[in-house]
Amino acid sequence: MDDKVLRNLSYGLFVLTANDDGKDNGCICNTAIQAAGGEIPIITVAVNKANLTCEMISKTKKLTVSILSEDASFDTFKHFGFQSGRDVDKFASFTDCKKVANGTMAITKGTNGYISAYVKEEIDLGTHMLFIAMMTDGEVFSSVPSATYAYYFEHIKPKPEAVGKTPDGQTVWRCKICGYEYVGEEIPEDFVCPLCKHPASDFEKVMK
Ligand code: FE
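Structure (structure tokens):
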């Protein structure tokens, strides 16, 4: 089985937010889709269970997906994707957002709209939790095209410089998602990126 084919799926990019007891938090995800239409559209979102946002949504049943657009800056990805709400308050001094009807924050810069939804079911997928949620609110902010995962890699994420080896000759593996570097000849199969929580399969050996 060649699981590299999974990379040929197309994905959008989103800031997924929640509010639990007055505390706002959010993370980057690439898994929001409209799953059904009808009078009340249904969306699904899968989130890594290690993320605090996942816990918060499980508890409160409310979520908002802000849709990242092609004018999003790398800073937005770093702010929501490369640090944990367990360590920092991501909304403490963050102003490009507004409180929406379900009590969560929608991101208003580098996004072209948001969808709020109420979770009617969650399915434990092992690494991720899949939320199935009914749309309760939404707004279009701009006509800037949505950023796809491929667009992020091509145009938003800074191109890392090739470094290859450490001064004492060890091999470097770099996370393709966030740029974190792991030093060692082989990267353990169960290694998880400490910054963005992506698995060892998202690391590439950096050659000089
Ligand atoms: Fe990473």
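In this note's numbering, each residue carries its 1-based index in the sequence shown increased by 1478.
Heads up, the beta-carbon is just placed ideally off N, CA and C, and yes, glycines get one too.
Annotation for Pro1636: Phe1552 place their beta carbon closer than 7 Å to its own, counting only its chain and skipping 5 residues before and after.
Remark: the C-beta of Ile1655 is in contact range of ligand 1, defined as less than 7 Å to any heavy atom.
For Glu1533, the enclosing alpha helix (DSSP H) has its first and last residue at 1530–1538. Between the alpha carbons of Ala1584 and Glu1682 lies a gap of roughly 34 Å. Cβ-Cβ distances below 6 Å link Ala1579 to Asp1615 in the same chain, with the five nearest sequence neighbours on each side left out; the list follows chain order. Note that the C-beta distance between Glu1548 and Ala1625 is below 8 Å. The closest heavy atom of ligand 1 lies less than 7 Å from the beta carbon of Leu1673. Residue environment for Ser1571: exposed (fewer than 16 other C-beta atoms within 10 angstroms of its C-beta).
Counting along the chain, the unbroken beta strand (DSSP E) around Thr1522 starts and ends at 1520–1526. With fewer than 16 other Cβ atoms inside 10 Å of its own Cβ, Lys1537 counts as exposed. Counting C-beta pairs closer than 8 Å gives fewer than three between the segment 1552–1567 and the segment 1508–1522, which falls short of the contact rule. Under DSSP, Tyr1629 shares a beta bridge with no residue.
DSSP, reduced to helix, strand and coil, places Lys1635 outside both helices and strands of the structure shown, so it counts as coil. Annotation for Thr1649: Lys1643, Gly1662, Glu1663, Lys1683 place their beta carbon closer than 7 Å to its own, counting only its chain and skipping 5 residues before and after. Among the bridge pairs identified by DSSP, Gly1591 is matched with Val1618. For Gly1500, the number of other beta carbons within 10 angstroms of its own is below 16, and it is reported as exposed. Counting only the Cα atoms, Ile1610 lies some 6 Å from Lys1598.
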